[in-house]
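Accompanying notes for the structure given below.
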Amino acid sequence: WNVAKNVILFLGDGMGITASTAARIYKGQKKGMHGEEGYLEWERFPNCALIKTYNVDRQVPDSAATATAFLCGVKVNYETIGVDPLVSFGDCEASKNPQSHLTSILQWAQEANKSTGLVTSTRITHATPAASYSHVANRRWECDSQPGEEGHGCPDIAQQLVTHSPGKNIKVVLGGGRQALGATLGIPDESSCQRTDNRDLTREWLDAKLAAGHRARYITSANELRSINHDHVDYLMGLFADGHIPYVSDQAASSSNSPSLAEMATAAVKQLSKDDNGFFLMVEGGRIDHAYHNNQPQKALEETLAFDSAVASVLKDIDLDETLVIVTADHSHVLTINGYPKRGNDILGLADVSDVDGLPFTTLMFTNGPGFNITTTDGGHNVTRGDPSEYPLSNPEHKSQTAVPMKAFKETHGGEDVALYAA
Numbered sequence: 001w002n003v004a005k006n007v008i009l010f011l012g013d014g015m016g017i018t019a020s021t022a023a024r025i026y027k028g029q030k031k032g033m034h035g036e037e038g039y040l041e042w043e044r045f046p047n048c049a050l051i052k053t054y055n056v057d058r059q060v061p062d063s064a065a066t067a068t069a070f071l072c073g074v075k076v077n078y079e080t081i082g083v084d085p086l087v088s089f090g091d092c093e094a095s096k097n098p099q100s101h102l103t104s105i106l107q108w109a110q111e112a113n114k115s116t117g118l119v120t121s122t123r124i125t126h127a128t129p130a131a132s133y134s135h136v137a138n139r140r141w142e143c144d145s146q147p148g149e150e151g152h153g154c155p156d157i158a159q160q161l162v163t164h165s166p167g168k169n170i171k172v173v174l175g176g177g178r179q180a181l182g183a184t185l186g187i188p189d190e191s192s193c194q195r196t197d198n199r200d201l202t203r204e205w206l207d208a209k210l211a212a213g214h215r216a217r218y219i220t221s222a223n224e225l226r227s228i229n230h231d232h233v234d235y236l237m238g239l240f241a242d243g244h245i246p247y248v249s250d251q252a253a254s255s256s257n258s259p260s261l262a263e264m265a266t267a268a269v270k271q272l273s274k275d276d277n278g279f280f281l282m283v284e285g286g287r288i289d290h291a292y293h294n295n296q297p298q299k300a301l302e303e304t305l306a307f308d309s310a311v312a313s314v315l316k317d318i319d320l321d322e323t324l325v326i327v328t329a330d331h332s333h334v335l336t337i338n339g340y341p342k343r344g345n346d347i348l349g350l351a352d353v354s355d356v357d358g359l360p361f362t363t364l365m366f367t368n369g370p371g372f373n374i375t376t377t378d379g380g381h382n383v384t385r386g387d388p389s390e391y392p393l394s395n396p397e398h399k400s401q402t403a404v405p406m407k408a409f410k411e412t413h414g415g416e417d418v419a420l421y422a423a
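Numbering of the sequence shown is given in the UniProt record's numbering, commencing with residue 1 and proceeding in unit increments.
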């Protein structure tokens, strides 16, 4: 066995085994196949394993604590980032104790004189990427306006990215999240926190790099990324949305000039490959998770195929004799593939008919979430669910039926093991 010079970690957020199976079928069906016989890129890798996902204090985890576990090697409390289990959720004072700060693989790589990079389709300050460089007692402390009294005196995640180690030493940072860094373009994103300290951390990042004699670029569009001459750049930050990068299904109808996950990943590899000592790169398909939280399987499957394309693109540009490639997930969702549909049945379609209420049901369903849909009849004495044959099942905005009602984007994670693939 060779000792890996480079490590690339692909993280499909929320991409549990059921989600991977559904995406495999969807990928094949888009090519005119039955779908079940196909493969996602990583399913041909020679090594695989299962991973337990629980948090120290929860059977079913969140992405902050799971990211801390796989990046720092320590299981921690729900919704905390980069701090040991002695730090409870929201405990700012405890999180400031350096002895509770965990070191991540980014720091280990930097200490080994390797270059490091982060690529994500979410905000760069979101839970998964944040676990590689920050230490906070609450994953929502992405900018200075979020901590409030509870977190007063604790540096926010965006600040830690730009002014603390190992964040400030990351060579490539590509994703969304301009607003948390005080660099909003256009109308503010209501779903993202907004800085109140009047700091533009992207400008501070760029000024610090230039003052140190580095060749640095800060970019905000796909066109700028495509035109980068990597030979003339030492540090690259690209933030392509004020909040999260738009869903793949939404980008055609949006004014976004965001690159694909594959474009960002391959650009990162080109930039980092200049280092003769090697590199560590994490690539997150983060919006898979968001679509499943809203019971929108078509959106989630399109995000998974974008993630699959990113893996395929990177594999063409690297040498597996010197690069370890890992593909995994941080947790699953409460998604199921149910009924007894025939081979090749549309994965987004109907599976069968209930022998109780006489209504059809879809192949993909969730145990909870905003897709809950019931109707009362006979003065409220009888309850029936909606007829999914009347719904636009392949529409990206369609929400699959669920057993338990939850608010929008509040479908929960699943607690079963997730798969890991390595080559």
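Quick reminder that beta carbons are idealized off the backbone N, C-alpha and C, glycines included.
A straight-line Cα-Cα distance of about 5 Å links ALA127 and ALA64. CYS48 carries a strand assignment under DSSP once its states are collapsed to helix, strand and coil.
The distance from the Cβ of SER192 to that of ASP250 is about 16 Å, inconsistent with a contact at the 8 Å cut-off. Per the coordinates, the alpha-carbon of ASN382 lies some 37 Å from the alpha-carbon of SER20. Using a C-beta cut-off of 8 Å, the segment 133 to 145 makes contact with the segment 193 to 212, since at least three inter-stretch Cβ pairs fall below that distance. The beta carbon of ASP308 sits closer than 6 Å to those of LEU40 and GLU41, all from its chain and outside the five residues before and after it, given in chain order. Ranked by Cα distance from VAL172, the first of HIS152, ILE228, ASP200 and GLN179 is ILE228. Contact between ASN47 and TYR78 is ruled out by a C-beta separation of about 30 Å, above the 8 Å threshold. Straight across, the Cα-Cα distance linking HIS398 with ALA109 is about 43 Å. The C-beta separation of LYS299 from PRO370 comes to about 13 Å, leaving the pair out of contact by the 8 Å criterion. Cβ atoms of VAL311 and ASN368 stay farther apart than 8 Å, at about 30 Å. Boundaries of the alpha helix (DSSP H) harbouring ARG226: 222 to 226, taken from the DSSP string. In this structure LEU335 touches THR18 by the C-beta definition: roughly 5 Å separates them, less than 8 Å.
The beta-carbon separation of THR80 and VAL74, rounded to 11 Å, does not stay under the 8 Å limit for a contact. Separation of the CB atoms of ALA216 and LEU206 is rounded to 6 Å, and the pair is thereby assigned contact status at 8 Å. Residue nearest to VAL136 within the set ASN113, ILE25, SER100 and ASP62 is SER100 (criterion: CA-CA distance). By the CB criterion at 8 Å, VAL327 and PHE10 fall inside the cutoff.
Taking 8 Å as the cut-off, the beta carbon of ALA267 is found no closer than this to the beta carbon of LEU118. Residue pairing for TYR235: DSSP places it in a beta bridge opposite ALA216. Annotated three-state conformation of VAL87 is coil, per DSSP. With fewer than 16 neighbouring CB atoms inside 10 Å of its own CB, ARG44 falls in the exposed class. Of all C-beta pairs linking the segment 278 to 295 to the segment 27 to 35, fewer than three are shorter than 8 Å, placing the two stretches out of contact. Scanning SER260, LYS342 and ASP387 for the CA closest to the CA of VAL314 turns up SER260.
For PHE240, the closest C-alpha among the options GLY213, ALA180 and SER273 is that of ALA180. In the three-state reduction of the DSSP assignment, PRO360 falls in the strand class, which pools E and B. Exclusion of the five residues before and after LYS96 leaves CYS154 as the residues of its chain whose Cβ lies within less than 7 Å of its Cβ. When DSSP reads this structure, ASN257 sits in no beta bridge, so it has no partner. Residue burial is scored here from C-beta neighbours: GLN107 has at least 16 other C-beta atoms within 10 angstroms and is therefore classed as buried. For SER115, DSSP records a beta bridge to PHE279. Bounds of the alpha helix (DSSP H) holding LEU315 are 297 to 317. For LEU236 and HIS164, the gap between their C-alpha atoms comes out near 17 Å. In the displayed model, HIS230 falls within a helix according to three-state DSSP.
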